[in-house]
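Engineer: Read left to right, the sequence shown gives residues 2 to 256 (the numbering used here).
One structure, as structure tokens, below. Some questions next.
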Amino acid sequence: MNVIKHGWGYEEWVADFEAERERRAERGDPDWSGGAALPAELVRSLQRFQVGEDGDGSALIGKADRAGDPVYARAVRLFVAEEQNHVRLLALLLDAGGAGTLARHWSDTAFVGLRRLLGLRVELLVLMVAEAVALRYYQAVRDGAADPLASEVARRILADEERHVPFHCLRLREALGPLPAPARRAAALAWRALLAGAAAMVAVDHGPALRTLGVRRRAFVGDTVRASSPMAAAMSAAPPATTATPRSSRRALRG
Numbered sequence: 002m003n004v005i006k007h008g009w010g011y012e013e014w015v016a017d018f019e020a021e022r023e024r025r026a027e028r029g030d031p032d033w034s035g036g037a038a039l040p041a042e043l044v045r046s047l048q049r050f051q052v053g054e055d056g057d058g059s060a061l062i063g064k065a066d067r068a069g070d071p072v073y074a075r076a077v078r079l080f081v082a083e084e085q086n087h088v089r090l091l092a093l094l095l096d097a098g099g100a101g102t103l104a105r106h107w108s109d110t111a112f113v114g115l116r117r118l119l120g121l122r123v124e125l126l127v128l129m130v131a132e133a134v135a136l137r138y139y140q141a142v143r144d145g146a147a148d149p150l151a152s153e154v155a156r157r158i159l160a161d162e163e164r165h166v167p168f169h170c171l172r173l174r175e176a177l178g179p180l181p182a183p184a185r186r187a188a189a190l191a192w193r194a195l196l197a198g199a200a201a202m203v204a205v206d207h208g209p210a211l212r213t214l215g216v217r218r219r220a221f222v223g224d225t226v227r228a229s230s231p232m233a234a235a236m237s238a239a240p241p242a243t244t245a246t247p248r249s250s251r252r253a254l255r256g
């Protein structure tokens, strides 16, 4: 997975999100008619991830609007739409398995509260923690679920999450770019520490499901943290000299 799409700006990201929206419409949904045989441990785990994906994204959209770049704001809206589609797919998968969804879960409440504390830069850093954890989780479901429908839903969501990472890395690279190099490195280290803690929390909370999927808790945490290295490097790298962030965006990102 490339964590930076070299030469891509937000116009290219808008085009990518719109093209993916068209591909998704043409492909249609998985075949839900056969149902899904989901172990109880996986049902509980998927329910927690489904509620974690839920939300209208209004806080993120509002911060993107205030950043002053309408093209970026358009890309964020398309990103949020993909996340909302994940919510829908997981809900339909759970329904196919004879299970319902949760109204809320404490881990989601904690993450949402943390994301909304400050400005766009902090929200994206916390969002990237969730994205990095989701990459390893959906890979585990894709590769370890005995049920083909669960594996297919996880495969689709994982493909989207792999596209989302470079999108957010681009913005964070711009957001952290004005900082001195030591400050950028410190921010990346702090982000990886937060990620390690979040991965450990997920490994404990979802341990029974991970065991069903053939993934040990320690391996889940280790894999997640190791995979984050290129993400942290991409976020903390100095922006290319040709990349200019609008002044209004720089003011908003300092929040």
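Just so it is clear, CB atoms sit at the ideal spot from N, CA and C, and this is done for glycine as well.
Everything numeric in this text was worked out from a predicted model, so none of it was measured.
Using the C-alpha atoms, what's the distance from ASP70 back to PRO183?
Structural biologist: For PRO183 and ASP70, the distance between alpha carbons rounds to 28 Å.
Engineer: Could you tell me whether the stretch 70-84 touches the stretch 26-38, where touching means 3 or more Cβ pairs closer than 8 Å?
Structural biologist: The stretch 70-84 is not in contact with the stretch 26-38.
Engineer: Give every residue of the same chain whose Cβ lies closer than 7 Å to the Cβ of GLN140, excluding the five residues on either side of it in the sequence, and list them in chain order.
Structural biologist: So the qualifying residues of the chain are LEU159.
Engineer: Taking just the CA atoms, how far does ALA239 sit from GLU124?
Structural biologist: Approximately 20 Å between the Cα atoms of the pair.
Engineer: If ALA189 and ALA233 are in contact, beta carbons under 8 Å, what's the gap, nearest whole angstrom?
Structural biologist: Yes, they are in contact, since the Cβ atoms of ALA189 and ALA233 sit about 4 Å apart, within 8 Å.
Engineer: Just the Cα atoms here: how many angstroms apart are ALA37 and THR102?
Structural biologist: Those two C-alpha atoms are separated by around 15 Å.
Engineer: Within its chain, find whatever has a CB closer than 7 Å to the CB of GLU153; leave out the 5 residues flanking it on each side and keep chain order.
Structural biologist: Cβ neighbours of GLU153 beyond the five flanking positions: PRO31.
Engineer: What separation, rounded to the nearest whole angstrom, lies between the Cα atoms of LEU1 and ASP66?
Structural biologist: One cannot answer for residue 1 here, as it falls past the ends of the chain, which runs 2 to 256.
Engineer: Taking ALA305 as the reference, give the member of ARG156, GLY198 and GLN51 with the closest Cα.
Structural biologist: What is shown of the chain runs 2 to 256, which leaves residue 305 out entirely.
Engineer: Under a CB-based cut-off of 9 Å, is ALA65 close to chain D?
Structural biologist: Included in the structure is just one protein chain, with no chain D present.
Engineer: Distance, Cα to Cα, ALA76 vs ARG24?
Structural biologist: Rounded to the nearest angstrom, the two C-alpha atoms are 17 Å apart.
Engineer: Kindly list the residues whose CB is nearer than 8 Å to the CB of VAL226, restricted to its own chain and excluding five residues on each side of it in sequence; keep chain order.
Structural biologist: Only ARG193, LEU196, ALA197 and ALA200 meet the Cβ criterion.
Engineer: Closest to LEU257 by C-alpha separation, out of PRO167, ALA151 and PRO149, would be which residue?
Structural biologist: No answer is possible for residue 257: it lies beyond the span of the chain, which begins at 2 and ends at 256.
Engineer: Just how far apart, CA to CA, sit ASN3 and GLY35?
Structural biologist: So the two alpha carbons sit approximately 36 Å from each other.
Engineer: Give every residue of the same chain whose Cβ lies closer than 6 Å to the Cβ of HIS87, excluding the five residues on either side of it in the sequence, and list them in chain order.
Structural biologist: Around HIS87: GLU54 and ILE158.
Engineer: With burial defined as no fewer than 16 other Cβ atoms inside 10 Å of the residue's Cβ, what is the status of ARG255: buried or exposed?
Structural biologist: The predicted model places ARG255 with a pLDDT of 44, which falls under 50 and marks its position as unreliable; any figure quoted below should be read in that light. Per the 10 Å Cβ criterion, exposed.
Engineer: Could you work out which residue in HIS7, GLU162 and GLU19 is closest to MET129 when comparing CA atoms only?
Structural biologist: It is GLU162.
Engineer: What separation, rounded to the nearest whole angstrom, lies between the Cα atoms of ALA155 and GLY178?
Structural biologist: Spanning the two alpha carbons is a distance of roughly 34 Å.
Engineer: Can you name, in chain order, every residue of its own chain whose Cβ lies under 8 Å from the Cβ of ILE62, other than the five neighbours on each side?
Structural biologist: Excluding residues within five positions, the ones whose Cβ falls inside 8 Å are ALA74, VAL77, ARG78 and VAL81.
Engineer: I'd like to check one pair, LEU43 with ALA97: are the Cβ atoms closer than 9 Å?
Structural biologist: Contact: no.
Engineer: Relative to the C-alpha of THR213, which residue among ALA16, ARG172, TYR138 and LEU94 is closest?
Structural biologist: When each option's Cα is compared against that of THR213, the closest is TYR138.
Engineer: Assuming contact is defined by CB atoms lying nearer than 9 Å, are HIS207 and ARG49 in contact in what I supplied?
Structural biologist: Cβ atoms of HIS207 and ARG49: closer than 9 Å.
Engineer: Roughly how many angstroms separate the alpha carbons of GLY223 and ALA204, rounded to a whole number?
Structural biologist: Each residue's Cα considered, the two are about 10 Å apart.
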